[in-house]
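*Asks:* Quick mapping for you: the protein sequence lines, in order, are chains A and B.
Start counting the first sequence at 1; every next residue gets the next number (the UniProt record's numbering).
Start counting the second sequence at 1; every next residue gets the next number (the UniProt record's numbering).
Structure incoming, see below.
Protein chains: 2
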Amino acid sequence: MNIERIEADLLHGAPMAQRRALAKAITLIESTRPEHRAEADALLTALLPRTGGAFRLGLSGVPGVGKSTFIEALGLYLIDQGHRVAVLAVDPSSSVSGGSILGDKTRMERLSVHERAFIRPSPSGGTLGGVAEKTRETMLLCEAAGYDVVIVETVGVGQSETAVAGMTDVFVLMQLPNAGDDLQAIKKGVMEVADLIVINKADLDPDAATRAEAQITSALRLFTQHGRASEWRARVLRLSALKGQGIPEFWAAVAAYRAARDIAARRREQALAWMWERIDSGLREAFRAHPRVRELLPRLSAEVSAGTLPASTAARKLLEASASRC
Amino acid sequence: MNIERIEADLLHGAPMAQRRALAKAITLIESTRPEHRAEADALLTALLPRTGGAFRLGLSGVPGVGKSTFIEALGLYLIDQGHRVAVLAVDPSSSVSGGSILGDKTRMERLSVHERAFIRPSPSGGTLGGVAEKTRETMLLCEAAGYDVVIVETVGVGQSETAVAGMTDVFVLMQLPNAGDDLQAIKKGVMEVADLIVINKADLDPDAATRAEAQITSALRLFTQHGRASEWRARVLRLSALKGQGIPEFWAAVAAYRAARDIAARRREQALAWMWERIDSGLREAFRAHPRVRELLPRLSAEVSAGTLPASTAARKLLEASASRC
Chain A
1 MNIERIEADL
11 LHGAPMAQRR
21 ALAKAITLIE
31 STRPEHRAEA
41 DALLTALLPR
51 TGGAFRLGLS
61 GVPGVGKSTF
71 IEALGLYLID
81 QGHRVAVLAV
91 DPSSSVSGGS
101 ILGDKTRMER
111 LSVHERAFIR
121 PSPSGGTLGG
131 VAEKTRETML
141 LCEAAGYDVV
151 IVETVGVGQS
161 ETAVAGMTDV
171 FVLMQLPNAG
181 DDLQAIKKGV
191 MEVADLIVIN
201 KADLDPDAAT
211 RAEAQITSAL
221 RLFTQHGRAS
231 EWRARVLRLS
241 ALKGQGIPEF
251 WAAVAAYRAA
261 RDIAARRREQ
271 ALAWMWERID
281 SGLREAFRAH
291 PRVRELLPRL
301 SAEVSAGTLP
311 ASTAARKLLE
321 ASASRC
Chain B
1 MNIERIEADL
11 LHGAPMAQRR
21 ALAKAITLIE
31 STRPEHRAEA
41 DALLTALLPR
51 TGGAFRLGLS
61 GVPGVGKSTF
71 IEALGLYLID
81 QGHRVAVLAV
91 DPSSSVSGGS
101 ILGDKTRMER
111 LSVHERAFIR
121 PSPSGGTLGG
131 VAEKTRETML
141 LCEAAGYDVV
151 IVETVGVGQS
161 ETAVAGMTDV
171 FVLMQLPNAG
181 DDLQAIKKGV
191 MEVADLIVIN
201 KADLDPDAAT
211 RAEAQITSAL
221 RLFTQHGRAS
231 EWRARVLRLS
241 ALKGQGIPEF
251 WAAVAAYRAA
261 RDIAARRREQ
271 ALAWMWERID
281 SGLREAFRAH
291 PRVRELLPRL
301 SAEVSAGTLP
311 ASTAARKLLE
321 ASASRC
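See the structure below:
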């Protein structure tokens, strides 16, 4: 591919040329061919000084909670305010289910055809780490192309929330308005990364939504990090994405969050954490591919699992094996 | 050292000889000398078939919550019931503070001198992973010596709770009886691993303890794992360790937990997770020690942190460097 051309069009092209360049660049990043990977690295490094200009918003919630409707409403509101909005997704299951959560653009009817919006489904296939890496890089491309709000959606399968929280400035969890015993369970790990909790469809049963808000707020008080009194405490908001109620209030809460937190510091931490995540993942991949490890691993794992070999001894044997025959 | 002798005394020795053999074996395991490590591995592997017979209980709580008083009361109660009790600790800060949380045995006055109890302070120095590994191996030695309840205490610095939960059958979080806005914050990550929550000193303010119990119970309802309706839901109990109130009820709750959960499956998962934790840790150590990585890492880390190099590109460069010059 002509990297310079893509770079030029992405940065300075007319709207249609820019959109084409962005699509090409994403295809390059999602390619598994080694020569494409080198080109993608070169392109990313060249574009990096032009990235980082967007506000990055992560969004999670179970299917049916109304994420697409919310993104449609929020996206159009932000475009009205003069923003350009990119919508990406991390869905590690998309290769299994045969379609991404964002594949069905009919649920974002107006946003998906708006010239100031760019919607891209989840990259498919591979591990969560691989899918998340491609989305992270796609986000950088969108920023270089001038999108100043990037929304990254996930359905919250396994650890995908943590991955999305690790690449965004604010992480929003969307809930349904049940209260009491019917209150929709919040996956434990998500509490550690949620900055804002939004109760959608609050118009359907305002009383239940109010009770749910009180209950979640009370529960959240229990779960603050020790020793950080000044820490942002996750806030709970009610809204109705379908009726467009509460969207400006939501964006005001996001602005309050931005003002209260050191976003630049969060991004530095995220970048380093991401580097180490990729290193650990690469080291383990090489380890598993080592001939001696491949030979020993099944037996030693079985012995550890059966309780006939100490886990630490097995680890030492496998590490010695992986260091051999270099 | 005479490994066979240690092994024989540990398994079949008279009480005093067994206690000496246990102390020697732990010293061997805590040694950093490579030849000791090989001997420790041999001893552990030989003893492994005689391990696993204890019930393993993890306990965490902030300083002042009353862990030592609780362990004293619980330990004596269990000895009364015919058990033998070992008390260990994971305290990665013990090398810094100059003393382990269990160093002050005066807080377990009667238990510490009881012939059916064995108390060992936290191994000192090293990373959390290293400290936890030694404690895990010490637990196996105690089991081989016939202790049938092992209590592992931690103060909950950093990730130590996760490490202790990863080596025990039930993980107990101890709280103070404040309620309402004064309610002691629960560290977020701990919620993911707590099986029982104990409100100690409940006699000081019974009303506050009752409110705290209700509040924590209600909050816990929110945080269940998706899709596992049958899952054990953490229970909340009140007691007074100082007055010895609620200890039998606590042990009954532990028994209910054992009956409700597949402990053998949990141990298999723990053993494999532990093996991989040690492998990942060893791989990263070797990576960091590689000459080319040592040379490149400071500059690349700084560039990633400054946002002038994509994290994924830095990771790929460093992985290539670590694979070179074999």
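Cβ coordinates follow ideal geometry from the N, Cα and C atoms, glycine included.
Can you name the residues of chain B whose CB is closer than 7 Å to the CB of glutamate 133 of chain A?
*Replies:* Near glutamate 133 of chain A (Cβ distances below 7 Å), the residues of chain B are Ser312.
*Asks:* Is the separation between the beta-carbon of isoleucine 263 of chain A and that of aspartate 205 of chain A shorter than 7 Å?
*Replies:* No, these two residues do not count as a Cβ contact at 7 Å.
*Asks:* Would you mind reading off the limits of the alpha helix (DSSP H) that contains isoleucine 6 of chain A?
*Replies:* Run containing isoleucine 6 of chain A: 3-12, per the alpha helix (DSSP H) assignment.
*Asks:* Going by DSSP, what residue range makes up the beta strand (DSSP E) through serine 240 of chain A?
*Replies:* Neither: serine 240 of chain A is in no beta strand (DSSP E) and is coded neither H nor E.
*Asks:* Is the number of C-beta pairs between the segment 235-244 of chain A and the segment 185-203 of chain A that are closer than 8 Å three or more?
*Replies:* Flag = yes, the segment 235-244 of chain A and the segment 185-203 of chain A touch.
*Asks:* The beta strand (DSSP E) with threonine 154 of chain B in it runs from where to where?
*Replies:* Element bounds for threonine 154 of chain B: 149-154.
*Asks:* So, helix, strand or coil for leucine 56 of chain A, using DSSP?
*Replies:* It should be pointed out that residue 56 of chain A corresponds to arginine in this sequence rather than to leucine. The answer is strand: DSSP assigns arginine 56 of chain A an E or B state.
*Asks:* Please list the terminal residues of the continuous alpha helix (DSSP H) segment that includes methionine 174 of chain A.
*Replies:* Here methionine 174 of chain A belongs to no alpha helix (DSSP H); instead the beta strand (DSSP E) covers 170-175.
*Asks:* By DSSP's criteria, valine 87 of chain B is part of a beta bridge. Which residues make up the other side?
*Replies:* Beta-bridge pairing links valine 87 of chain B to B:Ile119 and B:Ile151.
*Asks:* Are any of the Cβ atoms in chain B nearer than 7 Å to that of proline 15 of chain A?
*Replies:* With 7 Å as the cut-off, proline 15 of chain A does not count as an interface residue toward chain B.
*Asks:* Taking DSSP as the reference, what is the three-state secondary structure of alanine 321 of chain A?
*Replies:* Note: alanine 321 of chain A maps to helix in three-state DSSP.
*Asks:* Would you identify the three-state DSSP class for valine 198 of chain B, choosing helix, strand or coil?
*Replies:* Strand.
*Asks:* Leaving out the 5 sequence neighbours to the left and right, which residues in its chain are closer than 6 Å to isoleucine 6 of chain A when beta-carbon positions are compared?
*Replies:* Here the set comprises Ala21, Lys24 and Ala25.
*Asks:* Is the Cβ of valine 198 of chain A closer than 7 Å to any Cβ of chain B?
*Replies:* It does not; no Cβ of chain B falls within 7 Å.
*Asks:* Ignore the nearest five residues each way along the sequence and tell me which others in aspartate 9 of chain A's own chain have a CB closer than 8 Å to its CB.
*Replies:* Taken in chain order, the residues that qualify are Ala17, Gln18, Arg20 and Ala21.
*Asks:* Distance cutoff 7 Å, beta carbons only. Does isoleucine 71 of chain B sit that close to anything in chain A?
*Replies:* Chain A contact via Cβ: absent.
*Asks:* Would you identify the three-state DSSP class for valine 96 of chain A, choosing helix, strand or coil?
*Replies:* Its pLDDT being 47, under 50, valine 96 of chain A is placed unreliably in this model, and the coordinates cannot settle the point.
*Asks:* If you measure from the beta carbon of aspartate 41 of chain A to each beta carbon in chain B, is any gap under 7 Å?
*Replies:* Yes - at least one Cβ of chain B is within 7 Å of the one on aspartate 41 of chain A.
*Asks:* According to DSSP, is valine 236 of chain B helix, strand or coil?
*Replies:* It is a strand residue.
*Asks:* Between which two residues does the alpha helix (DSSP H) holding histidine 36 of chain A run?
*Replies:* Its alpha helix (DSSP H) spans residues 34-47.
*Asks:* Quick check on glutamate 275 of chain A - is its C-beta less than 7 Å from some C-beta in chain B?
*Replies:* Correcting the residue type first, residue 275 of chain A is methionine in the shown sequence and not glutamate. Taking Cβ atoms only, chain B reaches closer than 7 Å to methionine 275 of chain A, which makes this a yes.
*Asks:* Who are the Cβ neighbours of valine 96 of chain B in its own chain at under 8 Å, not counting the five residues just before and after it?
*Replies:* Because valine 96 of chain B sits at a pLDDT of 47, beneath the cut-off of 50, its placement in the model cannot be relied upon, and the following sentence gives the value as read from the coordinates. For valine 96 of chain B, where only same-chain residues beyond five positions count, there are no Cβ hits under 8 Å.
*Asks:* Hey, could you find the ends of the alpha helix (DSSP H) isoleucine 247 of chain A is sitting in?
*Replies:* First-last of the alpha helix (DSSP H) with isoleucine 247 of chain A: 247-260.
*Asks:* Identify which residue in B:Gly282, B:Asp207 and B:Glu161 has its Cα closest to the Cα of glycine 189 of chain B.
*Replies:* Measuring from the Cα of glycine 189 of chain B, the nearest candidate turns out to be B:Glu161.
*Asks:* Give a yes or no on whether the C-beta atoms belonging to alanine 234 of chain A and alanine 194 of chain A are separated by under 7 Å.
*Replies:* The answer is yes: Cβ separation under 7 Å.
*Asks:* Along the alpha helix (DSSP H) that carries methionine 139 of chain A, what are the first and last residues, could you check?
*Replies:* First-last of the alpha helix (DSSP H) with methionine 139 of chain A: 128-144.
*Asks:* Do you know how far the Cα of arginine 116 of chain A is from the Cα of threonine 69 of chain A?
*Replies:* The alpha-carbon atoms of threonine 69 of chain A and arginine 116 of chain A are separated by roughly 18 Å.
*Asks:* Mind checking whether valine 149 of chain B and leucine 196 of chain B have CB atoms under 7 Å apart?
*Replies:* Their beta carbons are not under 7 Å apart, which means valine 149 of chain B does not touch leucine 196 of chain B by this criterion.
*Asks:* Distance, Cα to Cα, serine 281 of chain B vs tryptophan 274 of chain B?
*Replies:* Rounded to whole angstroms, serine 281 of chain B to tryptophan 274 of chain B spans 10 Å at the Cα level.
*Asks:* Excluding the 5 residues preceding and the 5 following arginine 56 of chain B in the sequence, name in chain order all residues of the same chain whose CB lies nearer than 6 Å to its CB.
*Replies:* Once the five neighbours on either side are set aside, the close Cβ partners of arginine 56 of chain B are Val150, Thr168 and Asp169.
*Asks:* List, in order along the chain, the chain A residues whose C-beta lies closer than 8 Å to that of glutamate 137 of chain B?
*Replies:* What glutamate 137 of chain B touches in chain A: Pro310 and Ser312.
*Asks:* Give me the chain A residues within the contact set of residue 331 of chain B, using Cβ-Cβ distance strictly less than 9 Å, ordered along the chain.
*Replies:* In the structure as shown, chain B starts at 1 and stops at 326, and residue 331 of chain B therefore has no counterpart that could be examined.
*Asks:* Measuring only between beta-carbons, confirm whether serine 305 of chain A sits less than 7 Å from chain B.
*Replies:* It does: the Cβ of serine 305 of chain A has a partner Cβ on chain B nearer than 7 Å.
*Asks:* Report yes if the CB atom of glycine 146 of chain B is closer than 7 Å to the CB atom of arginine 84 of chain B, and no otherwise.
*Replies:* Yes, the Cβ-Cβ distance between glycine 146 of chain B and arginine 84 of chain B is below 7 Å.
*Asks:* Round the Cβ separation of aspartate 91 of chain B and valine 155 of chain B to the nearest angstrom and send it over; I've been treating them as touching at under 8 Å.
*Replies:* With a Cβ gap of about 6 Å, aspartate 91 of chain B and valine 155 of chain B count as contacting.
*Asks:* With alanine 314 of chain A and glutamate 303 of chain A assumed to form a contact (beta carbons below 8 Å), what rounded beta-carbon distance in angstroms separates them?
*Replies:* Contact flag correct, Cβ pair sits at about 7 Å.
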